[in-house]
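Residues 1 to 898, numbered by full-length UniProt numbering, are exactly what the sequence shown covers, in order.
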Amino acid sequence: MPPKAHKKFGDDGSEAPVGSPKPAISSNAAKNALMAHKVSKPGNKRSIVFPQAKRNNLALRRLSGAKREYGLKRRLTKEPEEEIRTKKSKLEEVGGKKLNGNKGHPVEKQSVSVDDVVDDSDSDSGASSSEDESMVPVEELSSEEEDGDFDDAESQDDSDDSDDSDAESNSSESDSGMTVEEKRALELKRLLQDDLEEDDEEAWEKKRAESKKDSKKSKNASKTGTNGSAKIVNFYSDSDESDSDDSAPASFGDRKKLALKLLETRKTLQIYKSRHELMEHVLSNKVTVLIGETGSGKSTQLPQFLLESSPDEKIAITQPRRVAAISLAKRVSEEYGCTLGKEVGYTVRFQNQSSPSTKIKYLTDGMLLRELMLDNDLSKYSTVILDEAHERTVLTDLLLGFLKNLVQKRDNLRVVVMSATLDAERFANFFDGCPILLVEGKQYPVERFYLPTGADDIVDTVCQSVVQLNSSELSGDILVFLAGQEEIDKCVDVINEVADKVSKKVPLMVPLPLYASLSPIKQQAVFKPVKPNQRKVIFSTNIAETSLTISGVRYVLDTGLRKVKVWKPELGLDTLLTTPISQSSAQQRMGRAGREAPGKCFRLLPESDYSNLAPQTEPEILRCDVASALLMLKKAGVDKVHRFPWIQKPSKQAISSALLKLYALKALDDNGKITDLGHKMAVLPVTPHLAGVLIHGCQSGVAQNVIDIVACLSVENLLMNPHAEVRDEVNEKRRNLFPQALKHGDLALLHGLIRMYMSMKDSKDRTLLCKEIAVNQKSLKNVLQIRQQLRGYLEKVCDLSENDDDKADFSTIIKIFLAGFINNTALGSSDRQYRTVNGGHKIAIHPSSMMFGKKIDAIMYVEYVFTTKGYARTVSPIDLAWLQEIAPHFLGNRQRDD
Numbered sequence: 001m002p003p004k005a006h007k008k009f010g011d012d013g014s015e016a017p018v019g020s021p022k023p024a025i026s027s028n029a030a031k032n033a034l035m036a037h038k039v040s041k042p043g044n045k046r047s048i049v050f051p052q053a054k055r056n057n058l059a060l061r062r063l064s065g066a067k068r069e070y071g072l073k074r075r076l077t078k079e080p081e082e083e084i085r086t087k088k089s090k091l092e093e094v095g096g097k098k099l100n101g102n103k104g105h106p107v108e109k110q111s112v113s114v115d116d117v118v119d120d121s122d123s124d125s126g127a128s129s130s131e132d133e134s135m136v137p138v139e140e141l142s143s144e145e146e147d148g149d150f151d152d153a154e155s156q157d158d159s160d161d162s163d164d165s166d167a168e169s170n171s172s173e174s175d176s177g178m179t180v181e182e183k184r185a186l187e188l189k190r191l192l193q194d195d196l197e198e199d200d201e202e203a204w205e206k207k208r209a210e211s212k213k214d215s216k217k218s219k220n221a222s223k224t225g226t227n228g229s230a231k232i233v234n235f236y237s238d239s240d241e242s243d244s245d246d247s248a249p250a251s252f253g254d255r256k257k258l259a260l261k262l263l264e265t266r267k268t269l270q271i272y273k274s275r276h277e278l279m280e281h282v283l284s285n286k287v288t289v290l291i292g293e294t295g296s297g298k299s300t301q302l303p304q305f306l307l308e309s310s311p312d313e314k315i316a317i318t319q320p321r322r323v324a325a326i327s328l329a330k331r332v333s334e335e336y337g338c339t340l341g342k343e344v345g346y347t348v349r350f351q352n353q354s355s356p357s358t359k360i361k362y363l364t365d366g367m368l369l370r371e372l373m374l375d376n377d378l379s380k381y382s383t384v385i386l387d388e389a390h391e392r393t394v395l396t397d398l399l400l401g402f403l404k405n406l407v408q409k410r411d412n413l414r415v416v417v418m419s420a421t422l423d424a425e426r427f428a429n430f431f432d433g434c435p436i437l438l439v440e441g442k443q444y445p446v447e448r449f450y451l452p453t454g455a456d457d458i459v460d461t462v463c464q465s466v467v468q469l470n471s472s473e474l475s476g477d478i479l480v481f482l483a484g485q486e487e488i489d490k491c492v493d494v495i496n497e498v499a500d501k502v503s504k505k506v507p508l509m510v511p512l513p514l515y516a517s518l519s520p521i522k523q524q525a526v527f528k529p530v531k532p533n534q535r536k537v538i539f540s541t542n543i544a545e546t547s548l549t550i551s552g553v554r555y556v557l558d559t560g561l562r563k564v565k566v567w568k569p570e571l572g573l574d575t576l577l578t579t580p581i582s583q584s585s586a587q588q589r590m591g592r593a594g595r596e597a598p599g600k601c602f603r604l605l606p607e608s609d610y611s612n613l614a615p616q617t618e619p620e621i622l623r624c625d626v627a628s629a630l631l632m633l634k635k636a637g638v639d640k641v642h643r644f645p646w647i648q649k650p651s652k653q654a655i656s657s658a659l660l661k662l663y664a665l666k667a668l669d670d671n672g673k674i675t676d677l678g679h680k681m682a683v684l685p686v687t688p689h690l691a692g693v694l695i696h697g698c699q700s701g702v703a704q705n706v707i708d709i710v711a712c713l714s715v716e717n718l719l720m721n722p723h724a725e726v727r728d729e730v731n732e733k734r735r736n737l738f739p740q741a742l743k744h745g746d747l748a749l750l751h752g753l754i755r756m757y758m759s760m761k762d763s764k765d766r767t768l769l770c771k772e773i774a775v776n777q778k779s780l781k782n783v784l785q786i787r788q789q790l791r792g793y794l795e796k797v798c799d800l801s802e803n804d805d806d807k808a809d810f811s812t813i814i815k816i817f818l819a820g821f822i823n824n825t826a827l828g829s830s831d832r833q834y835r836t837v838n839g840g841h842k843i844a845i846h847p848s849s850m851m852f853g854k855k856i857d858a859i860m861y862v863e864y865v866f867t868t869k870g871y872a873r874t875v876s877p878i879d880l881a882w883l884q885e886i887a888p889h890f891l892g893n894r895q896r897d898d
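Okay, structure coming up:
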């Protein structure tokens, strides 16, 4: 049997409490973690043994070679050589080539041993800072600072070019025999020397001071607004700008100096050593599949090689996650020696750091698809690189299909599909047998550990593991993989609570969260070094599985869980479930511990459960709602979606259900053609039903009210589930603060929350409000950003000039949401149970809702959660007459079952 999902729910369907006010935070977990520390001796590298092993069966068993006192077998923990040989032999059979960097000549792919993968000449951990996705983050710049530095850099470039024209002509003969990389290194040195001659230390310090002064002025101006016009909202008070960075921009000389330093570390990468043969293959084929093993440097180096081979190149490189796109762009801009947003930039949802001069652009899959909606030929790009293609998101699969058509249509388009796993035959076959290249990375052996039985409480188990590991292993950072933000925040709270209570003889634990909805500045914190007597403990979702590499990690704790959306055809909607990962994902997670030195991986599940995991992760297209994907296809002019070149086609049921949903939202007409409304919906960076809600809100004159609520629905875990002992108290405070929610439900609660939060000017008042009613303040700050950005998008497709939100009746707002969530409705019965209008399935109101325990004729809900039974979350009462008005064909003759 696969390991069970460890997310805990009560009999009433309530989730394991999280995020309540400080006094109630995980007291038992904190106590257990401290007990775990007391039984561990600093520096003792024996197996971790939990203090309550008899009750919870939490004793971790070390699996390594001979009998131990626990009677366990030891076993070699690195991947068997035969398994590696088998995988690589399969590549050889399909024409895969191994790049070994020998004088630039391609060689046929050969089987290698595990030891061959480790380059002894580069075994020093100091060379590891330039790995594939690993970033050396610099201080983020405000937009005002970047603009100023952007202009300075351009003028500096001009002066350098004019001053050096004679020198360059005199040295052209000697340069002619150099490689592109050597020429670039020489150019960087010349530019650096010129900059150092022009800018002495005193002048540079003055320039930095002026830059900071200008930055503060521009920020103050942005807060107060211009021309005396009333602003929609002051999105941040001074207290809410904690995520901003006031560092002055690096000078032209500093950028070139850093680029020179990074050039030396780039040369240690395997892909750099193989660049000649790699480029020979890539440039001679329209499509190439590149397998870049861990530490190879594929994500950062290939775009630069392409640009160096042809300065006129414009390269798009996609990432499944925004944090990876941002971090990679920052790293490559440093290596290239330019200001972020100039030659190297990025575009992610709600954020664009690029310009017309950008040559290398990192994008999320979704943003490249949106560019494709506007330009079906992607005419401005000469090369498109799909990175992390092995993750097989819906958007990645869409891009694969579009690009297959484009390479046949455009003679000057090159495509590279990059994967971190060896299972790449499907991609090669999809592109008619294109070549497969393998660039090996550096991977040290990693020991594996398992639990004897499943963990009863995953947060408790994780925290005890971290504390004991901190006591037994005195060097190296710890990376913990958890299912979602809820569990991560809880673990961070527990470790913060116990960190200063453990022995001073062990490193001070610095817990850091890492998940997609975290602000970019806080995400970058995991890459920054800590003090010598400290160690980072990073709690992450699967975002750190392959997309990111964090230097210094020696230990991985893997819960074996993730959160995924799963399509429920009987309900006609997606539901978010905590599910076991695949063996492939587990191997990727384990590999994070062996990037710089031998490491250890603790799998918090029995070995038998690991053996029963699925070999590969199921593609998202086979388990998720495809309505957004089909709307994009329609927007791009693909009328017959079943003829689209899918790498794996969705089921007929999934396609049919998605088309019906788009028709119900009026995005498609009776003939299946996209409507004007559908075109507008496709432009907005939200799901189709939320896009429809935003547009209807604009047309009804209540746009800002709707934007506020949609922004709240766009973040995770905004309203936290308080602990049982304070749940009634928190709910009572919510009812008292937002009386409108008693009548109109949870949407009114969200609306009242964001308006009340913005009305508070004092940061302490804002923090107190969040603590009193169990609101995740991090998520609420993200809501403020999304709120502003959604309005900017909506202004492009709607006229907001006549909107008057002050006069809005909340019933009107609920009716607008009902038009978008018509599938998410249910009719009440006498036992306070509900049956869904679509299918007649039983459903109950979740205990976290303001509507819990009330007798209501009909409800609309935003989210469906299944534990022991189905629950509706984010619930609002609706009038039966509204259903008849909005979708009479949908309701039919159904009446409330009394």
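Backbone N, C-alpha and C fix where the C-beta goes; we use that ideal spot for every residue, glycine too.
- With contacts defined by Cβ atoms closer than 8 Å, Arg322 and Thr364 form a contacting pair.
- The C-beta of Asn823 has 16 or more other C-beta atoms within 10 Å across all chains shown, which makes the residue buried.
- Selection Ile886, Ser354, Ala629 evaluated against Thr687 yields Ala629 as nearest (Cα-Cα).
- When only Cα atoms are considered, Lys330 and Leu557 end up about 28 Å apart.
- For Ala654, the enclosing alpha helix (DSSP H) stretches over residues 652-664.
- Taking C-beta separations shorter than 8 Å and ignoring five residues to either side along the sequence, the partners of Gly637 in its chain run Asn376, following chain order.
- Between Gln588 and Asp423 a beta carbon distance of about 12 Å is seen, past the 8 Å cut, so the two are scored as non-contacting.
- In the structure shown, Thr461 falls within a helical segment according to DSSP collapsed to helix, strand and coil.
- With contacts defined by Cβ atoms closer than 8 Å, Arg554 and Ala597 form a contacting pair.
- Annotation: the continuous alpha helix (DSSP H) that includes Glu371 extends over 365-374.
- For Cys601, the secondary structure class from DSSP, reduced to helix, strand or coil, is strand.
- Exclusion of the five residues before and after Trp567 leaves Asp574, Arg623, Cys624, Asp625, Ala654 as the residues of its chain whose Cβ lies within less than 7 Å of its Cβ.
- In the three-state DSSP reduction, Phe402 falls in the helix class (H, G or I).
- The Cβ atoms of Leu514 and Ile543 sit closer than 8 Å to each other.
- In the assembly as shown, Lys778 is a buried residue. Its beta-carbon has 16 or more other beta-carbons within 10 Å.
- Excluding five sequence positions before and after Ser517, the CB atoms of its chain that fall closer than 7 Å to its own CB belong to Gln485, Val715, Glu716, Ser779, Asn782, given in chain order.
- Shown here, Glu795 sits in a helix according to DSSP, grouped into three states.
- Under the three-state reduction of DSSP output, Thr396 falls in the helix class.
- When beta bridges are read from the DSSP output, Lys522 appears opposite no residue.
- Contact annotation: the region 648-664 does not touch the region 691-702, with fewer than three C-beta pairs closer than 8 Å.
- For Asn496, no beta strand (DSSP E) segment is defined; the enclosing uninterrupted segment is the alpha helix (DSSP H) at 485-498.
- By the C-beta density criterion, Leu374 is exposed, having fewer than 16 other C-beta atoms within 10 angstroms.
- Looking at the backbone, the Cα of Ala324 and that of Leu548 are separated by about 6 Å.
- Between the region 285-292 and the region 427-443, the count of C-beta pairs closer than 8 Å reaches three or more; the two stretches touch.
- Within the DSSP bridge table, the entry for Pro580 names Leu561 as partners.
- With a beta-carbon spacing of about 6 Å, Ile317 and Asp387 fall inside the 8 Å limit used to define contacts.
- Under the three-state reduction of DSSP, Glu447 is assigned to strand.
- Within the region 315-370, the runs of beta strand (DSSP E) that reach at least 3 residues and sit entirely inside it are, in chain order, 315-319, 344-348, 351-353, 360-364.
- Val702 and Phe305 have their C-alpha atoms some 51 Å from each other.
- Nearest to Tyr381 by alpha-carbon distance, out of Ser299, Arg426, Arg787, Ser310, is Ser310.
- With a 10 Å radius around the Cβ and a threshold of 16 neighbouring Cβ atoms, Gln468 comes out buried.
- Leu514 carries a strand assignment under DSSP once its states are collapsed to helix, strand and coil.
- The C-alpha of Cys463 is placed about 12 Å away from the C-alpha of Ile538.
- Around the beta carbon of Asn736, a 10 Å sphere encloses fewer than 16 other beta carbons of the protein chains shown; the residue is thus reported as exposed.
- Rounded to the nearest angstrom, the gap between the Cα atoms of Leu283 and Lys361 is 19 Å.
- Boundaries of the alpha helix (DSSP H) around Gly697: 688-699.
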